[in-house]
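Novice: Structure below; questions to follow.
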Amino acid sequence: MTYLLHIFILIGIYIILSLSLNLIAGYTGILSMAHAAFYGIGAYIAALMALNFNSPFILNLFLAVIGSSILGALVGIPSLRIKDDYFIIATFAFQIIIFNILNNLVSFTGGPMGLPGIPQPVIFGIKISSHFSFLVLTAILCAITYFICNKIVKSPFGRILKAIREDEVFTKSLGKNVSAYKVKIFMISSGLAAISGVMYATYITYIDPTSFTLMESIFIISIVIIGGAGNLKGSIVGAVVLVMLPEILRFVGLPNSIAANIRQMLYGGLLVVFMLWRPQGFIGEYSFNRNNENG
Amino acid sequence: MDNLLKIQNCNKHFNGIIALDDFSCEISKNEIVGLIGPNGAGKSTLFNVITGFISIDSGQITFNNHTITKKAPNKINKFGISRTFQGLRLIRQMTVLDNILLSFKKQPGEHLENVFFKNKKAKEIESENKRKALKLLKDTGIEDKANDLADDLSYGQQKLLSLLCCLASDAELLLLDEPIAGINPAMIEKILFIITELPKKGKSVILIEHNMDAVSQVCERVIFMDTGKKISEGTPEEVRNDPKVIEAYLE
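So the protein lines, in turn, are chains A and B.
Following the numbering used here, the numbering of the first sequence begins with 2 at its first residue and continues without gaps.
Following the numbering used here, the numbering of the second sequence begins with -3 at its first residue and continues without gaps.
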């Protein structure tokens, strides 16, 4: 039972991550490889606040979201000048930089040893410590994230995001400040990613940089693409499928060392299969491999 | 007549190719001006220069007494200049209705803060825009396509839609780049009719078109350009009979 709850909590964390990435990748059409970095930033800000200042969970969550969105602007701004593949490489670099900072700033982040003993959240006097209460909290945060994302994509603001994805030149010619929209959506997306970071840190009560690597970013992108880019429900489907799938391997009785490698192969294989035969994912509205000759 | 757009001594070179060579012209309020010339004469470049997609090397462009030289395309649109593209740009994966809704100016719902707060006003304006958009579609007889993807329209309907987007933006000056090239005669008639009606609504048009009959039909004034220079200007009849124009086409 605990095991099932654990899986559900993980699914919740990944739903938040994929929903937020979907805003930039699926709706605005900018593929970013740095999502795990924002996930990590959120986790570290909350953990450091809680450990050093013993500050309340809600404040930590708030600061993590704000801090991560500010860094999101840092990644969003280059996206105004560099495009497509080059932007992916730039986010790649950002991801690696963040990982290296977390890994090498030993006095501050604990480096590879990580940060142990992160206090569990206390909200309005209620201590969240059981798996079940964590699941409830994750579900609430998932619902809030979904609500925010849904509001955004259904609004005229979201309509502009889709227009930017489809044809940036045309969108500019209609008088929309494309650059401002890109930076804004980057900030929102990275802020929301920080929520899952905070959840992860307080749930596991221990974080180290290896949870926020490039592989993690690729995993989140896989969820978005396989679930369906440009569709919020797709992100939920993607997170459920991709988190559950490797768990099945556990029951086949494979040793852990092999199962871990098979996981990676599975994700890679799935990505290739989807890109070839179902580029829009399970229920997506946008496929990255579509030829669009927009300037 | 009142001046709307004033282009003074504009120059633009692309790696030695002269796209605009000391080009000057003026467009008045409520007039339709035809811009003609051979391929590569610099007509589309001129549109890109006016709308800010290409910055000029030298010269000055003013619109309604505002200098718009070297302003960003989105800012220039806000001054009241709207355009269509030669290659026909639309958001193809969006519905026809959404394409038009995207084109309206000053939408409070497009501001992030209004997505979450005060969105009553945003919703009101959105539904008002929707009414206006449906009316535009109804007036041009494609209201049954409102919820189809723009990609599913015929080529002629797509050209009509891009014109409707310009109308929705309520711009004072419309730059139309070959709005009737490659479409069927009935649709040509429909589009030309919309264009001829524009001056009555206080709008001016610059029209790039190779079809001389259509140009004579809708334009009072024609500018002929070649190799980035203005060669001739006058009524369609005058320009057609200008020896310099005939020479340019024979070259």
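Quick reminder that beta carbons are idealized off the backbone N, C-alpha and C, glycines included.
Since we're looking at a predicted model, the values are computed, not measured.
1. Excluding the 5 residues flanking asparagine 7(B) on each side, which residues of the same chain have their C-beta closer than 7 Å to its C-beta?
2. Measure the alpha-carbon distance for alanine 167(B) versus alanine 38(A) and round it to whole angstroms.
3. Classify histidine 62(B) as buried or exposed, calling it buried when 16 or more other Cβ atoms lie within 10 Å of its own Cβ.
4. On the CB-based measure, 16 or more other CB atoms within 10 Å of its CB, does alanine 144(A) come out buried or exposed?
5. Evaluate contact between the region 30 to 43 of chain B and the region 201 to 209 of chain B, counting only Cβ atoms and requiring at least three cross-stretch pairs below 8 Å.
6. By how many angstroms is the C-alpha of glutamate 243(B) removed from the C-alpha of lysine 183(A)?
7. Where does asparagine 5(B) fall in DSSP's three states?
8. Compare the beta carbon distance of isoleucine 191(B) and valine 214(B) with 8 Å and say whether it is the shorter of the two.
9. On the DSSP bridge list, what partners appear for phenylalanine 220(B)?
10. So with Cβ pairs under 8 Å, would you call aspartate 144(B) a contact of chain A?
11. Helix, strand or coil: how does DSSP classify asparagine 292(A) here?
12. In the DSSP assignment, find the unbroken alpha helix (DSSP H) run with glycine 43(A) in it and report its ends.
13. When you compare the region 72 to 87 of chain B with the region 150 to 159 of chain B, are there three or more beta-carbon pairs, one atom per stretch, that lie closer than 8 Å?
14. In chain B, which residues lie with their C-beta within 7 Å of the C-beta of asparagine 151(A)?
15. I want to verify the contact list: residues of chain A whose CB lies under 7 Å from the CB of arginine 236(B), in sequence order.
16. Looking at the strands, I want to know which residues DSSP matches up with asparagine -1(B).
17. Can you tell me where the beta strand (DSSP E) with isoleucine 252(B) in it begins and where it stops?
18. Per DSSP, which residues does serine 54(B) bridge with? Please list them.
19. Would you tell me roughly how many angstroms separate the C-alpha atoms of isoleucine 8(A) and phenylalanine 213(A), rounded to the nearest one?
20. How about glycine 137(B): is its C-beta nearer than 8 Å to some C-beta of chain A?
21. Counting only the same chain and skipping the five closest in sequence on each side, list residues whose C-beta sits under 7 Å from that of glutamate 193(B).
22. If contact is defined by three or more beta carbon pairs under 8 Å, each pair taking one atom from either stretch, is the region 171 to 191 of chain A in contact with the region 45 to 55 of chain A?
23. Is glycine 235(A) buried or exposed, if buried means 16 or more other CB atoms sit within 10 Å of its CB?
24. Check this for me: beta carbons of proline 122(A) and threonine 203(A), under 8 Å apart or not?
25. Rounded C-beta distance between tyrosine 28(A) and leucine 162(A)? I'm assuming under 8 Å.
26. For glutamate 301(B), which option in Leu0(B), Asp(-2)(B), Thr231(B), Lys39(B) has the closest C-alpha, if you only look at C-alpha atoms?
27. Taking the CB atoms as reference points, tell me whether glycine 229(A) and isoleucine 153(A) lie closer together than 8 Å.
28. What did DSSP end up calling aspartate 88(B) once you bin it into helix, strand or coil?
29. Under 8 Å between the Cβ atoms of cysteine 162(B) and arginine 88(B)?
30. Counting only Cβ-Cβ distances shorter than 7 Å, please list the residues of the region 53 to 76 of chain B near chain A, keeping chain order.
31. At a CB-CB cut-off below 7 Å, which residues of chain B make contact with serine 174(A)?
32. Would you call isoleucine 90(A) buried or exposed, if buried means 16 or more other Cβ atoms sit within 10 Å of its Cβ?
33. Looking at the ligand FMN, does it come within less than 7 Å of lysine 186(B), judged from the CB to the closest heavy atom?
34. Would you give the residue range spanned by the alpha helix (DSSP H) that serine 180(A) belongs to?
35. How big is the Cα-Cα spacing for isoleucine 221(A) and leucine 267(A)?
36. Using a Cβ cut-off of 7 Å, pull out every chain A residue sitting near phenylalanine 112(B), in sequence order please.
Specialist: Well, looking at it:
1. Numbered from 1 along the second sequence, position 11 holds the residue referred to as residue 7(B). Leu16, Asp17, Asp18, Ile52, Asp53, Ser54, Gly55, listed in sequence order.
2. To locate residue 167(B), count along the second sequence from 1; it is residue 171. To locate residue 38(A), count along the first sequence from 1; it is residue 37. About 44 Å.
3. Position 66 of the second sequence, counted from the first residue, corresponds to residue 62(B). Classification of histidine 62(B): exposed, given that the 10 Å Cβ count is below 16.
4. For the purposes of this step, residue 144(A) is taken as residue 143 along the first sequence, with counting starting at 1. It counts as exposed.
5. yes
6. Translated into the one-based positions of the first sequence, residue 183(A) becomes position 182. Translated into the one-based positions of the second sequence, residue 243(B) becomes position 247. Approximately 50 Å, taken between the alpha carbons.
7. Here the question's residue 5(B) lines up with position 9 in the second sequence. Residue state, collapsed to three classes: strand.
8. Locating residue 191(B) in the second sequence gives position 195, counting from the first residue. Locating residue 214(B) in the second sequence gives position 218, counting from the first residue. Closer than 8 Å, so yes.
9. Mapped onto the second sequence, residue 220(B) falls at position 224. Note: phenylalanine 220(B) sits in a beta bridge opposite Ile32(B), Ser228(B).
10. By one-based count along the second sequence, residue 144(B) stands at place 148. Taking Cβ atoms only, chain A never reaches closer than 8 Å to aspartate 144(B), which makes this a no.
11. Within the first sequence, numbered from 1, the residue matching residue 292(A) stands at position 291. Residue confidence for asparagine 292(A) is low, a pLDDT of 49 falling below 50, so the modelled location carries little weight and cannot support an answer.
12. Walking along the first sequence from the start, residue 43(A) turns up at place 42. Glycine 43(A) -> alpha helix (DSSP H) spans 36 to 54.
13. yes
14. Your numbering for residue 151(A) matches position 150 in the first sequence. Those do not exist, as asparagine 151(A) stays about 10 Å from chain B at its closest Cβ, beyond 7 Å.
15. On the second sequence, position 240 is the one that residue 236(B) refers to. What arginine 236(B) touches in chain A: nothing, since even the nearest Cβ is about 32 Å away.
16. Along the second sequence, read from residue 1 onward, the residue named residue -1(B) stands at position 3. Asparagine -1(B) is bridged to Ser24(B).
17. Residue coverage of chain B in this structure runs from -3 to 247, which leaves residue 252(B) outside it and unanswerable.
18. Position 58 of the second sequence, counting from 1, holds the residue named residue 54(B). Per DSSP, Asn7(B).
19. Within the first sequence, numbered from 1, the residue matching residue 8(A) stands at position 7. Within the first sequence, numbered from 1, the residue matching residue 213(A) stands at position 212. Taking the straight line joining both Cα atoms gives about 19 Å.
20. Position 141 of the second sequence holds residue 137(B). No - not a single Cβ of chain A is within 8 Å of the one on glycine 137(B).
21. Here residue 193(B) corresponds to residue number 197 of the second sequence, with the count starting at 1. Excluding positions up to five away in sequence, the list is empty.
22. no
23. Counting from 1 along the first sequence, the entry for residue 235(A) is found at position 234. Classification for glycine 235(A): buried.
24. Position 121 of the first sequence, counted from the start, is the residue given in the question as residue 122(A). Position 202 of the first sequence, counted from the start, is the residue given in the question as residue 203(A). Contact: yes.
25. By one-based count along the first sequence, residue 28(A) stands at place 27. By one-based count along the first sequence, residue 162(A) stands at place 161. Sure, about 5 Å apart at Cβ, within 8 Å.
26. Outside the shown range of chain B, which is -3 to 247, sits residue 301(B), and nothing can be said about it.
27. Taking the first residue of the first sequence as 1, we reach residue 229(A) at position 228. Taking the first residue of the first sequence as 1, we reach residue 153(A) at position 152. Against a cut-off of 8 Å, the Cβ pair of isoleucine 153(A) and glycine 229(A) comes out as no contact.
28. The residue given as residue 88(B) occupies position 92 in the second sequence. The sequence shown places arginine at residue 88(B), not aspartate. Looking at arginine 88(B) - three-state DSSP - the assignment turns out to be coil, as it is neither helix nor strand.
29. For this step, residue 162(B) is matched to residue 166 along the second sequence. For this step, residue 88(B) is matched to residue 92 along the second sequence. Going by C-beta atoms, cysteine 162(B) is not nearer than 8 Å to arginine 88(B).
30. Pro69, Asn70, Asn73, Lys74
31. The count along the first sequence starts at 1 and reaches residue 174(A) at position 173. Simply Thr47, Pro69, Asn73, Arg79.
32. Mapped onto the first sequence, residue 90(A) falls at position 89. The residue is exposed, with fewer than 16 neighbouring Cβ atoms inside 10 Å.
33. For the ligand FMN, the structure offers nothing, since it holds no ligand at all.
34. Within the first sequence, numbered from 1, the residue matching residue 180(A) stands at position 179. 179 to 205 is the extent of the alpha helix (DSSP H) around serine 180(A).
35. Walking along the first sequence from the start, residue 221(A) turns up at place 220. Walking along the first sequence from the start, residue 267(A) turns up at place 266. Rounded to whole angstroms, isoleucine 221(A) to leucine 267(A) spans 14 Å at the Cα level.
36. In the second sequence, residue 112(B) corresponds to position 116, counting from 1. Under the 7 Å cutoff, chain A gives Lys152.
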